[in-house]
Amino acid sequence: INAEYMGYICEVSRSEAHKEKALDAYLAATDAAKALPLTHPVALNVALNYGVLLYESVGDRQRGLAVTRAALEGAESRLQSLSEVEKKETCFVLSLLHDNVVMWERELGLTSG
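In my numbering, the protein residues as written are 983 to 1095.
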């Protein structure tokens, strides 16, 4: 929650100090999420929001794309091990990750279309 809050503050203020605080908060959240399965919706949301912070607020578009793509690919490879309820929650976040990957790859000229 702290990471999301700091991300929103960074988005609004655009100050370097807030960027650093947001990055630190997301690094801590990412570290904490490592204790969760790659398919866990909380872990996926951390990656989703961290990727957006990097791509849009920090301006590190390649790293934002890499974080988002890694979460997407890591979870997709483990979907078959989930129950139907777990799969439903996970697939919702995966669709958001997928949309960002497709959009950002297009913006960066990594795909045609």
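Note that the Cβ used here is the ideal one computed from N, Cα and C, for glycine as well.
Go ahead and pull the three-state DSSP assignment for residue i.
i: Gly-1046; result: helix
i: Ala-1053; result: helix
i: Thr-1072; result: helix
i: Gly-1091; result: coil
i: Ser-1063; result: helix
i: Leu-1020; result: coil
i: Gly-1041; result: coil
Under DSSP, the alpha helix (DSSP H) around residue i begins and ends at which residues?
i: Ile-983; result: Ile-983 -> no alpha helix (DSSP H), and no H or E assigned at all.
i: His-1000; result: 998-1015
i: Leu-1026; result: 1023-1034
Relative to the C-alpha of residue i, which candidate in the options has its C-alpha closest?
i: Lys-1070; options: Ser-1039, Thr-1021, Val-1028 and Leu-1092; result: Thr-1021
i: Glu-1007; options: Pro-1023, Val-1024, Pro-1019 and Met-988; result: According to the sequence provided, residue 1007 is Ala. The question's Glu does not apply to it. The shortest C-alpha separation from Ala-1007 is found at Met-988.
Run the proximity test for residue i: is its beta-carbon closer than 7 Å to any non-hydrogen atom belonging to the ligand NAP?
i: Leu-1064; result: Within the structure as shown, the ligand NAP is missing, as the structure has no ligands at all.
Would you mind giving the Cβ-Cβ distance between residue i and residue j, rounded to the nearest angstrom? I have them listed as a contact below 8 Å.
i: His-974; j: Leu-1054; result: Given a span of 983 to 1095 for the chain in the structure shown, any question on residue 974 remains unanswerable.
i: Tyr-1032; j: Thr-1012; result: 6 Å
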